[in-house]
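Remarks on the structure that follows.
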Amino acid sequence: MPEAAGWQAELEQLKAVSARIGGDPLLTQGAGGNTSLKVGGTLWIKASGTWLAHALERDIMVPVEMAPLIAAVEAIDPAAEQAHQFTIAALNSSGLRPSIETTVHALMPQRVVLHVHCVDTIAQAVRDDCVQQVGPRLAGLNWACVPYARPGLPLALAISEHRGQRPDVLILGNHGLVVAADTVAGAEALLEDVKARLRVAPRSAPALDAARLAQLADGTNYRLPSADAAHAAATDPVSLDLAAKGSLYPDHVIFLGTGSVIARDGEDVAAVVARLGTSPVSILFPGTGILMRRDATPGADAMARCLADVLARVPDNAPVRVLTPQEHLQLTDWDAEKYRQDLARKAAAKKIA
Ligand SMILES: [Zn+2]
């Protein structure tokens with residue numbers, strides 16, 4: 345069966361690329377990002393809630409029948425958000441559900457699609473002048489900018505509008521990057537190329553005040569973040585001002601909540617919690633660093649670091665667009681996301697146990 349061996353080898357190649365992408369916090373964070381391969385009418389796509397970083401250790405690719413899924417998008421049928429209805433059960437050895445973003449992949453005609461939350465891309469994609477910013481850098485590529493739409497059917501419909509142009513690169517407003525090619529190697533090379541073209545030198549941030557932060561965490565339900573890089577969101581004044589504007593992309597809302605909680609002058613953890621009437625997942629202490637609630641999931645830690653990495657790449661005078669209250673509501677009151685968060689909580693509980 346030389347034909348079967350061919351695509352299976354390609355799927356293995358894709359898993360290797362996925363693991364490399366997943367291992368780079370500047371490209372993907374936690375369960376964010378997803379990759380896919382089309383084999384005839386079947387789309388092999390990363391499972392919802394799984395991490396690209398684990399692509400070589402566990403079975404994270406789910407087979408989906410593409411034709412009915414695309415038909416659902418074209419009919420603006422909410423079934424397009426239920427991609428698990430179209431999984432091919434006989435081939436789905438893990439029994440997992442396909443990614444929330446499956447339609448993004450199905451709508452791209454190229455065989456291999458890589459979707460990442462590249463921090464260099466996000467730093468441009470959160471700007472009102474994104475097209476003017478990225479245009480000169482992407483010259484010569486077939487690219488398109490897709491204004492922010494909630495992942496799922498709204499994003500699928502927004503991408504559909506560009507299908508005639510058959511772009512190889514999509515910049516997703518307030519979200520991330522999609523690259524597509526007909527081979528795994530071609531897609532990885534294109535990703536490297538776009539990443540390099542969109543690269544922004546991060547501002548350097550003052551160091552965290554470790555002693556003060558330990559004092560603030562002492563006796564509370566809060567701990568240090570898993571990555572030291574996360575503190576820059578609080579120690580760099582420009583980043584802190586940007587964080588105060590609100591949420592910049594969906595996974596921030598999903599894993600850290602709406603916007604960023606910033607301690608006021610003289611506030612400790614108890615004072616912040618009392619002011620809000622709830623314990624936020626993370627608290628930014630200006631000039632000091634950040635603390636994470638003790639039960640924060642690894643995905644939340646990954647997003648705390650992502651925030652610092654994105655903010656460090658946005659200049660203080662940039663015209664930034666934050667998510668609106670309605671866009672927040674669309675994300676938090678959404679069954680597909682509840683499923684993904686549930687998986688994250690279960691995985692974290694298993695780790696603790
Ligand atoms: Zn995404």
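Last residue of the sequence shown: number 697 in our numbering, and the count goes up by one each step with no gaps.
Every residue, glycine too, gets a C-beta built ideally from N, C-alpha and C.
Computed from a predicted model, the values in this text were never measured in an experiment.
Assign residue i to one of two classes, buried (16 or more other C-beta atoms within 10 Å of its C-beta) or exposed (fewer than that).
i, result
"Thr676", "exposed"
"Ile420", "exposed"
"Glu418", "exposed"
"Asp472", "exposed"
"Glu316", "Only positions 345 to 697 of the chain appear in this structure, which leaves residue 316 out of reach."
"Leu370", "buried"
"Asn378", "buried"
"Pro346", "Note that Pro346 scores a pLDDT of 47, beneath 50, so its modelled location is shaky; the value from the coordinates is reported in the next line. Burial call: exposed."
"Arg494", "buried"
"Arg712", "Examination of residue 712 is not possible in this model, given that the chain is present from 345 through 697 alone."
"Gln674", "buried"
Going by C-alpha to C-alpha distance, which of the options sits closest to residue i?
i, options, result
"Asp585", "Phe599, Ala607 and Met647", "Ala607"
"Gly384", "Met410, Gly376 and Ser392", "Met410"
"Asp387", "Ala397, Asp368 and Arg441", "First, the residue type needs correcting, since residue 387 is Leu and not Asp in the sequence shown. Of the listed residues, the one whose Cα sits closest to Leu387 is Arg441."
"Pro698", "Ala493, Ile420, Ala531 and Ala656", "Past the boundaries of the shown model lies residue 698; the chain is included only from 345 to 697, so the question cannot be answered."
"Pro412", "Met405, His398, Gln429 and Leu400", "Gln429"
"Gly479", "Met452, Leu542 and Asp645", "Leu542"
"Trp395", "Ala646, Glu671, Asp660 and Pro663", "Ala646"
"Gly563", "Pro550, Arg638 and Ile634", "Arg638"
"Pro630", "Met636, Ala353, Asp609 and Met405", "Asp609"
"Asp464", "Gly590, Asp537 and Leu568", "Asp537"
"Cys474", "Glu445, Pro491 and Gly484", "Pro491"
"Glu401", "Ala450, Glu671, Ser438 and Pro624", "Ser438"
"His596", "Gly484, Ala391 and Ile466", "Ile466"
"Ile389", "Thr372, Pro407 and Ala375", "Pro407"
"Ala469", "Val522, Thr641 and Thr431", "Val522"
"Ala576", "Val361, Arg567 and Ala587", "Ala587"
"Asp444", "Arg510, Ala545 and Gly376", "The displayed chain sequence assigns Ile, not Asp, to residue 444. Comparing Cα positions, the closest option is Gly376."
"Asn565", "Thr622, Ile414, Arg665 and Ala360", "Thr622"
"Ala549", "Ala578, Leu560 and Glu611", "Ala578"
"Val544", "Gly393, Asp653 and Gln352", "Asp653"
"Gln477", "Pro663, Gln670, Ile365 and Leu568", "Pro663"
"Ala533", "Ile365, Lys382, Gly350 and Ala353", "Ile365"
"Ala416", "Ala500, Val361, Ser380 and Cys489", "Ala500"
Can you look up residue i in the DSSP assignment and give me helix, strand or coil?
i, result
"Gly530", "helix"
"Ala502", "helix"
"Cys650", "helix"
"Ile606", "strand"
"Val383", "strand"
"Arg637", "strand"
"Ser326", "Outside the modelled stretch of the chain, which goes from 345 to 697, sits residue 326, for which no answer is possible."
"Trp395", "coil"
"Ser362", "helix"
"Ala578", "helix"
"Ile627", "strand"
"Ala415", "helix"
"Val406", "strand"
If the criterion is Cβ atoms closer than 8 Å, does the pair residue i and residue j meet it?
i, j, result
"Val448", "His461", "no"
"Leu557", "Thr668", "no"
"Pro594", "His519", "yes"
"Gln373", "Arg649", "yes"
"Leu497", "Ala424", "yes"
"Ser626", "Leu635", "yes"
"Val456", "Val528", "yes"
"Met368", "Gln454", "Correcting the residue type first, residue 368 is Asp in the shown sequence and not Met. Going by C-beta atoms, Asp368 is not nearer than 8 Å to Gln454."
"Leu552", "Asp612", "no"
"Leu358", "Ile414", "no"
"Leu628", "Ser604", "yes"
"Trp531", "Ala524", "It is worth fixing the name first, because residue 531 is Ala in this sequence and not Trp. Taking 8 Å as the Cβ cut-off, Ala531 and Ala524 qualify as a contacting pair."
"Ala363", "Ala391", "no"
Report task. Could you tell me which uninterrupted beta strand (DSSP E) segments, each at least 3 residues in length, are contained entirely in the stretch 419-481, listed from first to last along the chain? Result -> 456-460
**Report entry** Segments assigned alpha helix (DSSP H), at least 4 residues, entirely inside the stretch 509-568
**Finding:** 528-542 and 554-561
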